[in-house]
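S.K.: Quick note: the sequence shown, position 93, residue 758 per this note's numbering, numbers continuous. Yeah, the Cβ is synthetic: ideal placement off N, Cα and C, and Gly gets one too. Values in this document were obtained by computation on a predicted structure and should not be read as measured data. Sharing a structure below in structure tokens format, with a few things to ask.
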Amino acid sequence: MSITRSVEKIIRNKPFLQEALVKGIINYGGLADELISDIEKEIGKKVQHAAVMMALRRLSEKLEKKPMTLLKFSENTSLIARDSLVEVTVEKSKKTLDKIKELFNKVDYAKGDFLTVTQGMYEITIITNKNNLKWLLKNFKKEEIVAVLKNLSALTLTIPLEFTETQGFFYQVTKALSWEGINIKEIVSTTRELTCLVNSEDISRAFDTLKKLVR
666 MSITRSVEKI IRNKPFLQEA LVKGIINYGG LADELISDIE KEIGKKVQHA
716 AVMMALRRLS EKLEKKPMTL LKFSENTSLI ARDSLVEVTV EKSKKTLDKI
766 KELFNKVDYA KGDFLTVTQG MYEITIITNK NNLKWLLKNF KKEEIVAVLK
816 NLSALTLTIP LEFTETQGFF YQVTKALSWE GINIKEIVST TRELTCLVNS
866 EDISRAFDTL KKLVR
């Protein structure tokens with residue numbers, strides 16, 4: 666493998682470096698220092714620092730004309746939007762966990778109810794339909810509630826299992842939304858699902874933005 670091919674392979678798997686090269690905001694010499702050991706392992710011999718810098722410059726010029734394709738979704742990829750959601754964050758304790766169990770029994774997924782629960786070390790975040798907000802505020806004490814966010818919508822991207830190993834997947838999705846000025850309030854993920862929570866007023870633009878990534 667040549668130095669040029671090795672550099673392209675490394676940059677392809679590191680989208681944040683690709684973006685920096687396109688924008689011309691990265692130092693070629695410093696980046697060459699970082700990459701040279703990986704390149705030598707890849708091609709099995711010592712390489713000159715100047716040769717790596719030259720390969721980076723050429724790749725930068727190439728990317729300006731034709732950026733690398735990072736996301737290749739299959740026809741099995743789906744994008745689903747849900748509106749009228751709320752987010753409630755509570756302190757983590759045995760009592761709050763027991764109450765959340767009651768909430769799981771309350772929701773009806775067959776009717777399209779939405780519920781995700783994320784546990785941190787000290788807090789638990791609940792995202793669900795706004796019609797469950799009254800129940801949440803009634804069953805959790807004021808001192809247990811850390812924050813309440815209303816008027817939210819969610820976009821859930823479901824991807825094939827083999828795509829979960831693609832490097833830069835989260836970065837590309839969040840970057841696409843950020844570039845459109847869409848504030849991501851929360852991100853929830855499982856092995857094959859990525860859900861981005863946004864303000865309801867942004868849901869149409871967010872959907873159109875991510876739809877462009879799903880071909």
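Among F805, D763 and T754, whose alpha-carbon lies nearest the alpha-carbon of G785?
M.R.: Counted from its first residue, the sequence shown places residue 785 at position 120. Among F805, D763 and T754, the Cα nearest to that of G785 belongs to T754.
S.K.: Specify, as a first and last residue, the run of the alpha helix (DSSP H) that V838 falls within.
M.R.: Counting from one through the sequence shown, the residue named residue 838 turns up at place 173. Start and end: F834 to W844.
S.K.: Report the three-state DSSP secondary structure of R857 (helix, strand or coil).
M.R.: The residue given as residue 857 occupies position 192 in the sequence shown. In the structure shown, R857 sits in coil (DSSP, three-state: anything other than H, G, I, E or B).
S.K.: Tell me whether Q683 sits in a helix, a strand or coil according to DSSP, three-state version.
M.R.: In the sequence shown, counting from the first residue as 1, residue 683 sits at position 18. Of the three classes helix, strand and coil, the one that applies to Q683 here is helix, per DSSP.
S.K.: Could you check where the beta strand (DSSP E) with T669 kicks off and where it finishes?
M.R.: In the sequence shown, the residue the question calls residue 669 occupies position 4. T669 -> not in any beta strand (DSSP E); alpha helix (DSSP H) instead, spanning I668 to R677.
S.K.: To the nearest whole angstrom, what separates the beta carbons of T793 and E851, a pair I think is in contact under 8 Å?
M.R.: Locating residue 793 in the sequence shown gives position 128, where the first residue counts as 1. Locating residue 851 in the sequence shown gives position 186, where the first residue counts as 1. Not a contact, Cβ separation roughly 12 Å.
S.K.: May I ask which residues mark the beginning and end of the beta strand (DSSP E) holding A746?
M.R.: Taking the sequence shown and counting its residues from 1, one reaches residue 746 at position 81. A746 -> beta strand (DSSP E) spans S743 to E756.
S.K.: What first and last residue would you give for the alpha helix (DSSP H) that runs through A871?
M.R.: Here residue 871 is taken as the residue at index 206 of the sequence shown, counted from 1. Element bounds for A871: I868 to K876.
S.K.: Thinking C-alpha only, which one of K679, I668 and K688 is nearest K706?
M.R.: In the sequence shown, residue 706 corresponds to position 41, counting from 1. Comparing Cα-Cα distances from K706 to each of K679, I668 and K688, the minimum goes to I668.
S.K.: What did DSSP end up calling I708 once you bin it into helix, strand or coil?
M.R.: The sequence position of residue 708 within the sequence shown is 43, counting from 1. Correct three-state label for I708: helix.
S.K.: Determine the DSSP secondary structure at K806, reduced to helix, strand or coil.
M.R.: Within the sequence shown, numbered from 1, the residue matching residue 806 stands at position 141. In the structure shown, K806 sits in coil (DSSP, three-state: anything other than H, G, I, E or B).
S.K.: Tell me whether D867 is buried or exposed, calling it buried when 16 or more other Cβ atoms sit within 10 Å of its Cβ.
M.R.: The sequence position of residue 867 within the sequence shown is 202, counting from 1. Buried, by the Cβ-count rule.
S.K.: Locate the alpha helix (DSSP H) running through I765, then write down its first and last residues.
M.R.: Along the sequence shown, read from residue 1 onward, the residue named residue 765 stands at position 100. Segment K759 to K771, the alpha helix (DSSP H) holding I765.
S.K.: Whole-angstrom Cβ separation of T860 and L820, contact assumed at under 8 Å?
M.R.: On the sequence shown, residue 860 is found 195 positions in, with the first residue counted as 1. On the sequence shown, residue 820 is found 155 positions in, with the first residue counted as 1. 7 Å between Cβ atoms; contact.
S.K.: Per DSSP, what kind of secondary structure is N864 in: helix, strand or coil?
M.R.: Here residue 864 refers to the residue found at position 199 when the sequence shown is read from its first residue. Here N864 sits in strand by DSSP.
S.K.: Please list the segments of the beta strand (DSSP E) lying wholly inside the stretch 774 to 803, counting only runs of 3 or more residues, in order along the chain.
M.R.: Whole beta strand (DSSP E) segments, 3+ residues: 780 to 784 and 788 to 794.
S.K.: Alpha carbons only, please: which of T855, K771, Y836 and S671 is nearest the one belonging to K711?
M.R.: Translated into the one-based positions of the sequence shown, residue 711 becomes position 46. Cα-wise, what sits closest to K711 is S671.
S.K.: Going by Cα to Cα distance, which pick from V813, F681, E752 and L724 is closest to V853?
M.R.: As a first step, residue 853 is located in the sequence shown; it is residue number 188 there, counting from the start. Of the candidates V813, F681, E752 and L724, the one whose C-alpha sits nearest the C-alpha of V853 is E752.
S.K.: Indicate the three-state DSSP secondary structure (helix, strand or coil) for I849 in the structure shown.
M.R.: As a first step, residue 849 must be located in the sequence shown, where it is residue number 184. Strand.
S.K.: By Cβ distance, which residues of its chain are closer than 8 Å to K877, with the 5 residues on each side in sequence left out?
M.R.: To locate residue 877, count along the sequence shown from 1; it is residue 212. A841, listed in sequence order.
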